[in-house]
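Engineer: Pasting a structure here, questions to come.
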Amino acid sequence: MNLKNKKILITGATGGIGYSMVKKFTELGCEVLATGTNQDKLNNLKKNFKDVKIKQFKLEEHSKIQEFIDTCNLDLGGIDVLVNNAGITLDNISIRLTEENWKKVLDINLTSTFLMCKFVIKKMLKNKNGRIINITSIVGHTGNVGQANYAASKAGIIGFSKSLAIEYAKKNININCVSPGFIKTEMTDKIDEEFKQILISKIPSGDLGSGEDISNCVAFLASDMANYITGETIHVNGGMYMS
Numbered sequence: 014m015n016l017k018n019k020k021i022l023i024t025g026a027t028g029g030i031g032y033s034m035v036k037k038f039t040e041l042g043c044e045v046l047a048t049g050t051n052q053d054k055l056n057n058l059k060k061n062f063k064d065v066k067i068k069q070f071k072l073e074e075h076s077k078i079q080e081f082i083d084t085c086n087l088d089l090g091g092i093d094v095l096v097n098n099a100g101i102t103l104d105n106i107s108i109r110l111t112e113e114n115w116k117k118v119l120d121i122n123l124t125s126t127f128l129m130c131k132f133v134i135k136k137m138l139k140n141k142n143g144r145i146i147n148i149t150s151i152v153g154h155t156g157n158v159g160q161a162n163y164a165a166s167k168a169g170i171i172g173f174s175k176s177l178a179i180e181y182a183k184k185n186i187n188i189n190c191v192s193p194g195f196i197k198t199e200m201t202d203k204i205d206e207e208f209k210q211i212l213i214s215k216i217p218s219g220d221l222g223s224g225e226d227i228s229n230c231v232a233f234l235a236s237d238m239a240n241y242i243t244g245e246t247i248h249v250n251g252g253m254y255m256s
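Structural data, given as structure tokens:
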């Protein structure tokens, strides 16, 4: 898998899965620009991966995304691969879910993904080459109690990615999704142990996944080994959901 010197832009880079992707791409010799909202976490990322470029940005600031992409493009000297990993949850059962929290999750998870893709694709068209990997979720396929907004946003990314893939396949720009199941992160570490065991019992492989499981799949889709794959969603969930 030869990705040496490829220029990678990753959103949501400071969380468990994002951190793992930064690690994977740097190990493969890529030039990485990592973005997130928490400057302290970005600084820590920079401390661990000194060659990684970092940039703080709030994706809900939609009017600033085009300028943000222009700056990232200049900082990297081009964008070969975009990984849209950023996302939030604001959970509640549907009758208690506020319109504000519905909109905020859709704005950050789905609308910002649309805008990031839109402005990055304009750069990629000039090079007639590019890869976009959108991180979705098992919940976008199965639904989940208390996560109607999150499920809608992730399912929306899948349909959106398929449409993009059709539009730009002839321009050698491939757009795919990676759909994680339940992955070991700081968030899952806080889950009650009894509930965690119930959750694991529903996973055929018998354990939670790792950030590396996701980053390996993302790196594959970013590489030339995946030249003939576009519009696809790869499920990484230990068999918990099979399409």
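Each residue of the sequence shown is one higher than the one before, counting from 14 in our numbering.
Every residue gets a Cβ at the ideal spot worked out from N, C-alpha and C, and that includes glycine.
Tell me which same chain residues have a C-beta within less than 8 Å of the C-beta of His-75, skipping the five on either side of it?
Structural biologist: So the qualifying residues of the chain are Asp-120, Thr-124, Ser-125, Leu-128.
Engineer: Does the separation of the CB atoms of Gly-25 and Gly-100 fall below 9 Å?
Structural biologist: Yes, the Cβ-Cβ distance between Gly-25 and Gly-100 is below 9 Å.
Engineer: With DSSP as the reference, label Lys-36 as helix, strand or coil.
Structural biologist: DSSP places Lys-36 in helix when its eight states are reduced to three.
Engineer: Compute the distance between the beta-carbons of Ile-67 and Lys-59, then report whether it is under 9 Å.
Structural biologist: Yes.
Engineer: Only counting the same chain, and skipping five residues up and downstream in sequence, which positions put a Cβ closer than 8 Å to that of Ile-30?
Structural biologist: Here the set comprises Asn-98, Ile-148, Pro-193, Ile-196, Thr-198, Gly-224, Ile-227, Ser-228.
Engineer: Name the two residues that bound the continuous beta strand (DSSP E) containing Ile-67.
Structural biologist: Start and end: 66-69.
Engineer: Expressed to the nearest angstrom, what Euclidean distance is found between the alpha-carbon atoms of Leu-177 and Lys-131?
Structural biologist: One C-alpha to the other measures close to 9 Å.
Engineer: Taking the alpha-carbon positions, what's the Lys-209 to Met-255 distance?
Structural biologist: Between Lys-209 and Met-255, the C-alpha separation is close to 21 Å.
Engineer: Hey, is the stretch 165-180 in contact with the stretch 142-157, meaning 3+ C-beta pairs nearer than 8 Å?
Structural biologist: Enough Cβ pairs lie closer than 8 Å, so yes.
Engineer: DSSP three-state call for Thr-48: helix, strand or coil?
Structural biologist: Strand at Thr-48.
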